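Novice: Residue 184 in the numbering used here sits at position 184 of the sequence shown; the count goes up by one each step and never skips. Quick reminder that beta carbons are idealized off the backbone N, C-alpha and C, glycines included. For clarity, every value in this text was computed on a predicted model and none was experimentally measured. Have a look at this one.
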Amino acid sequence: MARVLYSAALALWLPFVLLRLWWRGRHEPVYRQRIGERFGRYRTGPEPPVIWVHAVSVGEARAAAPLVRALQNERPGSAVLVTCTTAAGRETVEQVYGGTVTVVWLPYDFPGATRRFVERFRPRLGVIMETEIWPNLLAACRNAGIPVVLANARLSEPSARGYRRWRSLARAAFGTLAAVCAQTEADRSRLAAAGAADVRVSGNLKFDVAPDATQLGAGRAWRAALARPVLLLASTREGEERLLLDALPAQTGDTLIVFVPRHPQRFDAVASLLRQRGFAAGRRSSGVAPLAHERAYLGDSMGEMAFYYGAADVAVIGGSLLPLGGQNLIEACAAGTPVVLGPSMFNFAEATRLALEAGAALQASGAAEALTQALALCADPGQRARMGAAGVALCAAHRGAVERHLAVCREFLGG
């Protein structure tokens, strides 16, 4: 009954969902393409045997990469189908995986759409990244006998409270999972309480993602050519740029402040904000290096985070200055870039704890303190070197999640 009511509510919301899709397509035309896929109608796709991986957006697509490659090596005769939900996620899949996978939209969670998706592709195994729980999709997989593994799974306490409000629906959905590979023991406990039956602590796949060496080298060369300190504001979310600009000291020496918004549809808005605040700011998309008089720079490119971390002396991690749970700090640590975090890092609680204990990161109470700490680090090469080395060592010590995930997948792939 709970799933019936849930499906009815989705049907009521459908007109608003389609309007939002069309609205977002003004700036990102890919949202207006292949709309039939959102309803489980696919013109093309791989033929069986298929392994299906769902990566909702950019972070999940990147985190899934080492596991996808391991599955491709393990099962060279199987095609890999990757589904995503956002335009940025789809673009990331195409950048990271090239032509080695097929990428399509995940259907909306209507019973008919999810049933058509399952009947069209008939995957031998489904791998859903992190916390994407869709009741009708999971029910369709269960009815078709398709095992689904929740990989790199995390469940923060705020999210767990949300699932508890819809206990009947959530427990049924979590109960359909064949297995769950949790990032931490705390995640394991919360996922089991939510209704998942077979939950194992398998580590965080993001520790197994190696930064692109070519991009990293290019970033370091870019910084050396500038011959000035570079402070990176990485993966900032809406509202954080204003906070940071309000808190930015009037005098920052010759330090270049590089803004890299999390979502590409916000690039122009951030550029406009910088102009309003009186900043002459170059843009990465122009192909022109920052000029000597420019105090700020806009990183308006996709798929280049390794470049930006290579170019940075210090990185302030976005999503952490507002109560959003933070963005991925592991990528910065792996690049050897010292990290400054805001107070909200609940989406990366364990990685944050490990980075702070290792001396790879500092945590501030807000934007002003984060900038104070970051600018002090820019002027302290000795501490930067120690923090960068600690971050690299931390990532090396926590690799191995791919093999643990792969072992779980093998159980359900069979011979």
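Please tell me whether residue 370 and residue 364 are closer than 8 Å, where the distance is taken between their beta carbons.
Specialist: Yes. Within cutoff.
Novice: Report buried or exposed for residue 89, applying the criterion of at least 16 other Cβ atoms within 10 angstroms of its Cβ.
Specialist: By the 10 Å Cβ count, residue 89 comes out buried.
Novice: Cβ atoms of residue 258 and residue 309: under 8 Å apart, would you say?
Specialist: Not a contact, by the Cβ cut-off of 8 Å.
Novice: Does DSSP put residue 372 in a helix, a strand or coil?
Specialist: DSSP places residue 372 in helix when its eight states are reduced to three.
Novice: Tell whether a beta-carbon distance below 8 Å holds between residue 347 and residue 156.
Specialist: Taking 8 Å as the Cβ cut-off, residue 347 and residue 156 qualify as a contacting pair.
Novice: Exposed or buried, what is residue 44 when buried is set at 16 or more other beta-carbons lying within 10 Å of its beta-carbon?
Specialist: When all chains shown are included, residue 44 counts as exposed.
Novice: Excluding the five sequence neighbours on either side, which residues of its own chain have a C-beta within less than 6 Å of the C-beta of residue 32, listed in chain order?
Specialist: 25.
Novice: Can you tell which of 241, 124, 331 has its C-alpha closest to the C-alpha of residue 213?
Specialist: Of 241, 124, 331, the residue nearest in Cα terms is 331.
Novice: Quick check: the Cα distance between residue 178 and residue 81, rounded to an integer number of angstroms?
Specialist: Distance between the alpha carbons of residue 178 and residue 81: 19 Å.
Novice: Whole-angstrom Cβ separation of residue 343 and residue 366, contact assumed at under 8 Å?
Specialist: Right, their Cβ atoms sit about 7 Å apart.
Novice: Which residue marks the beginning of the beta strand (DSSP E) containing residue 263, and which one marks its end?
Specialist: No beta strand (DSSP E) holds residue 263; DSSP gives it neither H nor E.
Novice: From residue 317 to residue 266, what does the alpha carbon distance come to, in whole angstroms?
Specialist: Spanning the two alpha carbons is a distance of roughly 17 Å.
Novice: Could you check the C-alpha separation between residue 64 and residue 351 for me, to the nearest Å?
Specialist: Computed Cα separation, rounded: 17 Å.
Novice: Does residue 43 come out as helix, strand or coil in the three-state DSSP assignment?
Specialist: Coil.
Novice: Can you give me the start and stop residues for the alpha helix (DSSP H) that residue 405 sits inside?
Specialist: Counting along the chain, the alpha helix (DSSP H) containing residue 405 begins and ends at 401-413.
Novice: In chain order, what residues of the same chain lie with their CB nearer than 7 Å to the CB of residue 28, ignoring the 5 residues before and after it?
Specialist: Closer than 7 Å at Cβ, skipping near neighbours: 87, 265.
Novice: Can you list, in chain order, the residues of its chain with a C-beta nearer than 8 Å to that of residue 216? Leave out the 5 residues immediately preceding and following it.
Specialist: Closer than 8 Å at the Cβ level, and outside the excluded window around residue 216, lie 306, 307, 309, 310, 335.
Novice: If we call anything under 8 Å between Cβ atoms a contact, is residue 197 one with residue 135?
Specialist: Going by C-beta atoms, residue 197 is not nearer than 8 Å to residue 135.
Novice: Which same chain residues end up closer than 6 Å to residue 202 when comparing Cβ atoms and leaving out the 5 residues on each side of it in sequence?
Specialist: So the qualifying residues of the chain are 181, 401, 404, 405.
Novice: Quick check on the burial criterion: 16 or more other C-beta atoms within 10 angstroms. Buried or exposed for residue 22?
Specialist: Flag for residue 22 reads exposed.
Novice: Around the Cβ of residue 13, are there at least 16 other Cβ atoms within 10 angstroms (buried) or fewer (exposed)?
Specialist: Answer is exposed; the Cβ neighbour count stays below 16.
Novice: Per DSSP, which one or two residues make a beta bridge with residue 52?
Specialist: Its beta-bridge partners are 81, 126.
Novice: Indicate the three-state DSSP secondary structure (helix, strand or coil) for residue 235 in the structure shown.
Specialist: Strand at residue 235.
Novice: Can you tell me where the alpha helix (DSSP H) holding residue 361 begins and where it ends?
Specialist: Looking at the DSSP string, residue 361 is not in any alpha helix (DSSP H); the run it does join, the beta strand (DSSP E), is 361-363.
Novice: So what does DSSP say about residue 278, is it helix, strand or coil?
Specialist: Residue state, collapsed to three classes: coil.
Novice: Strictly under 8 Å for the Cβ-Cβ distance: is residue 168 near chain C by that measure?
Specialist: Reference to chain C is not applicable here, since this structure consists of a single protein chain.
Novice: Using three-state DSSP, classify residue 393 as helix, strand or coil.
Specialist: If DSSP states are grouped into helix, strand and coil, residue 393 belongs with the helices.
Novice: Could you give the first and the last residue of the continuous alpha helix (DSSP H) run that contains residue 330?
Specialist: From DSSP, the alpha helix (DSSP H) with residue 330 extends over 330-334.
Novice: Tell me, which residues are paired with residue 105 by DSSP?
Specialist: Partner(s): 84.
Novice: Compute the Euclidean distance between the alpha carbons of residue 105 and residue 85, then round it to the nearest angstrom.
Specialist: Answer to the nearest angstrom: the Cα atoms are 6 Å apart.
Novice: Does the stretch 44-60 come close enough to the stretch 124-141 to have 3 or more Cβ pairs within less than 8 Å?
Specialist: The stretch 44-60 is in contact with the stretch 124-141.
Novice: When burial is assigned at 16 or more other CB atoms within 10 Å of the CB, is residue 58 buried or exposed?
Specialist: Residue 58 is buried by the Cβ-count criterion.
Novice: Applying the criterion that 16 or more other CB atoms from any shown protein chain within 10 Å of the CB defines a buried residue, is residue 16 buried or exposed?
Specialist: By the 10 Å Cβ count, residue 16 comes out exposed.
Novice: CB-CB under 6 Å to residue 323, same chain, minus the five flanking residues each way: which ones, in chain order?
Specialist: Cβ within range, chain order: 344.
Novice: Assuming the contact rule is C-beta atoms closer than 8 Å, residue 194 and residue 163 should be a hit. Round their C-beta distance to whole Å, please.
Specialist: Confirmed, Cβ separation roughly 5 Å.
Novice: Does the beta-carbon distance from residue 231 to residue 300 come in below 8 Å?
Specialist: No, these two residues do not count as a Cβ contact at 8 Å.
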